[in-house]
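Report on one structure; see the data block that follows.
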Amino acid sequence: MLLKRIIRKIRNYNKREKPSHGVDFFQDVACWGPEYSFDVIFDVGANIGNFTAYAREQFPLATIVSFEPIPPTFSHLQKRLSSNEHQVLENLAVGASNCTVEVDYYVDMKLADRNSLTGDVLLLEDAEKARATVEVITLDSYCADHNVDSIDFLKIDTEGFDLKVLQGADGMLKRGSIKFLEVEVSMNPENDFHIPFGTIIEYLKPYGYRLFGIYEQQPEKRVTVPILRRSNMVFMIARNFKRRKQ
Numbered sequence: 002m003l004l005k006r007i008i009r010k011i012r013n014y015n016k017r018e019k020p021s022h023g024v025d026f027f028q029d030v031a032c033w034g035p036e037y038s039f040d041v042i043f044d045v046g047a048n049i050g051n052f053t054a055y056a057r058e059q060f061p062l063a064t065i066v067s068f069e070p071i072p073p074t075f076s077h078l079q080k081r082l083s084s085n086e087h088q089v090l091e092n093l094a095v096g097a098s099n100c101t102v103e104v105d106y107y108v109d110m111k112l113a114d115r116n117s118l119t120g121d122v123l124l125l126e127d128a129e130k131a132r133a134t135v136e137v138i139t140l141d142s143y144c145a146d147h148n149v150d151s152i153d154f155l156k157i158d159t160e161g162f163d164l165k166v167l168q169g170a171d172g173m174l175k176r177g178s179i180k181f182l183e184v185e186v187s188m189n190p191e192n193d194f195h196i197p198f199g200t201i202i203e204y205l206k207p208y209g210y211r212l213f214g215i216y217e218q219q220p221e222k223r224v225t226v227p228i229l230r231r232s233n234m235v236f237m238i239a240r241n242f243k244r245r246k247q
């Protein structure tokens, strides 16, 4: 009886100590596969580099490529992060085709995370705006030009432009060359700015990607009920997925 109580306590302790899935992506991967490493990370829509800096803390020797198209935001990114053999900063947008586009953006850096290539994001009428010519490149062409064979983690945060980024990565997705990818999605039918989560799930399904976790859930503001507005969904390549025997 004493031995059974000890075993029961150990099991309950382990359950309490195990971190909840869906809080920290890198921690979740470490619990799932401690041997897994992230050698190549792409940060598409890097803004001022918050995610890049966090990823660098987790993986000091990883090659991180950070894309930010808006000129003043990219300048802040350059000041915060220095380019070296492990860090590449690209003043580029990532999309479905290689082209150049005219983009309106907020001048105030406090609003930088609202800028988007969708063209319909500038809703604050009183905020000062400017226009820039931005070069857009596909992930497929970028990886081909820079001899990138695989990406361990692709983080996409482009304010409603995420599906376009995936469309420009058709070759990489077909080859299963992107191990994990994160997209920002709409969780509410009334939120028509972000791409609906169902659209992303169905788009990635034929490529063999399945949902790994849901992160950073954000509720709607200025509503009287706690409706979820958006979240970050992480998918992983799972073509060889097999159910464990019971």
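Residue numbering for the sequence shown follows my numbering, beginning at 2 and increasing consecutively.
Glycine is no exception: its CB is placed at the ideal position from the N, C-alpha and C atoms.
key: Nearest neighbour of I49, chosen from V24, P20, N92 [CA to CA]   = N92
request  = Sort out for me which residues DSSP pairs Y106 with in a bridge.
outcome  = A131
ask   = Do D141 and E185 have their CB atoms nearer than 8 angstroms?
value = no
ask   = For V166, does the count of other Cβ atoms within 10 angstroms reach 16, so buried, or fall short, so exposed?
value = buried
inquiry  = Judging by CA-CA distance, which residue of M173, F52, L164, N192 is the nearest neighbour of T200?
reply    = L164
message = If I measure Cβ to Cβ from V135 and keep anything under 6 angstroms in the same chain, skipping five residues before and after, which residues do I get?
response = P70, A94, V102, V104
query = Taking one C-beta from the segment 65-80 and one from the segment 26-37 each time, how about it: are there three or more such pairs within less than 8 angstroms?
reply = no
query = Contact check, G169 vs T139 under 8 angstroms by CB: the rounded distance?
reply = 3 angstroms
message = Judging by CA-CA distance, which residue of D44, Q79, S76, R81 is the nearest neighbour of I65?
response = D44
ask   = Under the rule that 16 or more other beta-carbon atoms within 10 Å means buried, what is A47, buried or exposed?
value = buried
key: Whole-number beta carbon distance between I215 and E221, since they are thought to touch under 8 angstroms   = Their Cβ separation, rounded to whole angstroms, is 16 angstroms, which puts E221 and I215 out of contact at 8 angstroms.
ask   = Going by C-alpha distance, which of S232, I42, E129 is nearest F198?
value = S232
key: Span of the alpha helix (DSSP H) around G172   = 171-175
query = Can you tell me the Cα-Cα spacing of E160 and M234, whole angstroms?
reply = 14 angstroms
task = Work out the CA separation of V24 and Y210 for me, nearest whole Å.
result = 21 angstroms
inquiry  = I'd like to know whether the C-beta atoms of E183 and K156 end up nearer to each other than 8 angstroms.
reply    = yes
ask   = Is any heavy atom of the ligand SAH found at a distance shorter than 7 angstroms from the C-beta of H195?
value = What this structure holds is no ligand at all, so the ligand SAH is not there to describe.
request  = Could you check the C-alpha separation between V149 and D171 for me, to the nearest Å?
outcome  = 15 angstroms
task = Use the C-beta contact count for L62: other C-beta atoms within 10 angstroms, 16 or more gives buried, fewer gives exposed.
result = exposed
key: Complete beta strand (DSSP E) runs within the segment 39-72 (minimum length 3 residues, chain order)   = 41-45, 64-68
query = Taking Cβ positions, are F162 and F213 nearer each other than 8 angstroms?
reply = no
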